């Protein structure tokens, strides 16, 4: 829900504001990572996932701090920390999906958890190469970098589409007593 | 610039393909797991059904054993006392009516003895299937006023007690159906040692059309019980030509 609000606010700023919504993502990125990594670690309850979430979290914040205070080159996003957080979230949510498949006996696409996990997985996974190279492209051709943001828009629709299906499956079903 | 863009496209494509392959593998794993789960559930239900049937059999056996015991100890004793009284009376005076009564009483005592023995499942367990079927055939012939012939070919294998019990119950059910509905004058039972071990029950009654006769609980029960102990049950019948039930053992299932 929070992510959805942020994405829409960012879109609003981009269309009706001054166009620079990078600051919003910069604030939201650590929050998004904390929420999702905590959720994944709590759901998985495995040593590797907790270790990965904690160690990854420490690494992510270290890189983010370094990027905020140490990076003075012209950039559009905190590429390294974003890539790192996306890699970690992809690994954690892949783990959640594998765990779900090992536990559930229902059809996967009828399980709301599948859609919720998938929503993060299909957003963070394919976005890794894009955010990894975005600053380099931006340095050479800022217009092209902005145009390439269409990739994030597509992933954005995929992400919230999947989350919406998960939410739809969560709605209470009417059951008869007979 | 071009190189970086190209690199990004290639890596993105590879990542997307990898993620898609990952999802396909997950779907496949989920399908396999569901199939395995369904099989486990079916196995569990079958196991449960077996347990319930076993408990039911045990309860019935216990009740019958008690009834048999009661017949033997109580009714049998009372009849023996009556027999002794009649014998004493016959020693004092010879009376045709008394003699008839004593003969009837002798037969009655013998029937009670047979009945109490047939109800005693412990005793039944000591007999094999051939003996049990032969004894039952003899009893049906005596009370049912129809010819019952038992034919044994080869050496009948020793079956597990549970298998024997279920086959015996199936045999009783088929015989009961023949007595109630077929209007047969004779029944032939053939036990073939095989392998595979099989037995057939053929009557010369009015028969029925297997295809059009609505399947009722009895016929379904026969098939279900046989499958539980690894036997197949097959019924062939046409109107006017009697009925033949064939039971055949599959592999080595149920052998002791």
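Residue numbers (my numbering), protein chains in the order written: chain V, 15 to 192; chain X, 7 to 262. The beta-carbon is built from N, C-alpha and C at its ideal position, and this holds for glycine as well. This structure is a prediction, so every number in the text was calculated from the model and none was measured.
- Distance from the Cα of residue 240/X is smallest, within the candidate group 248/X, 229/X, 246/X, 234/X, for 229/X.
- A straight line joining the alpha-carbon of residue 33/X with that of residue 52/X spans about 29 angstroms.
- Distance check between residue 213/X and each of 206/X, 227/X, 190/X places 190/X closest, using alpha-carbon atoms only.
- Secondary structure of residue 192/X (DSSP, three-state): strand.
- For residue 111/V, the CB contacts under 8 angstroms within the same chain, skipping 5 residues up- and downstream, are 128, 131, 132, 135 in chain order.
- In the three-state scheme derived from DSSP, where H, G and I count as helix and E and B as strand, residue 253/X is classed as strand.
- According to the DSSP secondary-structure assignment, residue 155/X is paired through a beta bridge with 194/X.
- Contact check between the stretch 169 to 188 of chain V and the stretch 103 to 120 of chain V: fewer than three CB pairs, one atom from each, fall below 8 angstroms, which does not count as touching.
- A straight line joining the alpha-carbon of residue 93/V with that of residue 31/X spans about 31 angstroms.
- Going by DSSP, residue 23/V is part of the alpha helix (DSSP H) stretching over 16 to 30.
- At a cut-off of 8 angstroms between C-beta atoms, residue 10/X counts as an interface residue with respect to chain V.
- Separation of residue 253/X and residue 60/X (C-alpha to C-alpha, rounded to the nearest whole angstrom) is 21 angstroms.
- The three-state reading of DSSP puts residue 134/X in coil, since its state is none of H, G, I, E or B.
- Closest in C-alpha terms to residue 139/X, from the list 170/X, 109/X, 113/X, comes 170/X.
- In the assembly as shown, residue 161/X is an exposed residue. Its beta-carbon has fewer than 16 other beta-carbons within 10 Å.
- Taking 8 angstroms as the cut-off, the Cβ atoms of residue 179/X and residue 210/X do not count as close.
- Put simply, the CB of residue 93/V is far from chain X, with every gap to its CB atoms at 8 angstroms or more.
- Bounds of the beta strand (DSSP E) holding residue 237/X are 237 to 243.
- For residue 18/V against residue 152/V, the beta-carbon gap comes to about 26 angstroms, at or over 8 angstroms, which does not count as contact.
- Counting along the chain, residue 205/X sits inside the beta strand (DSSP E) bounded by residues 204 to 209.
- Out of 122/V, 164/V, 141/V, the CA that lies nearest to the CA of residue 37/X is found in 122/V.
- Around the Cβ of residue 105/X, a 10 Å sphere holds fewer than 16 other Cβ atoms; the residue is exposed.
- Between residue 166/V and residue 21/X, the C-beta spacing is not below 8 angstroms.
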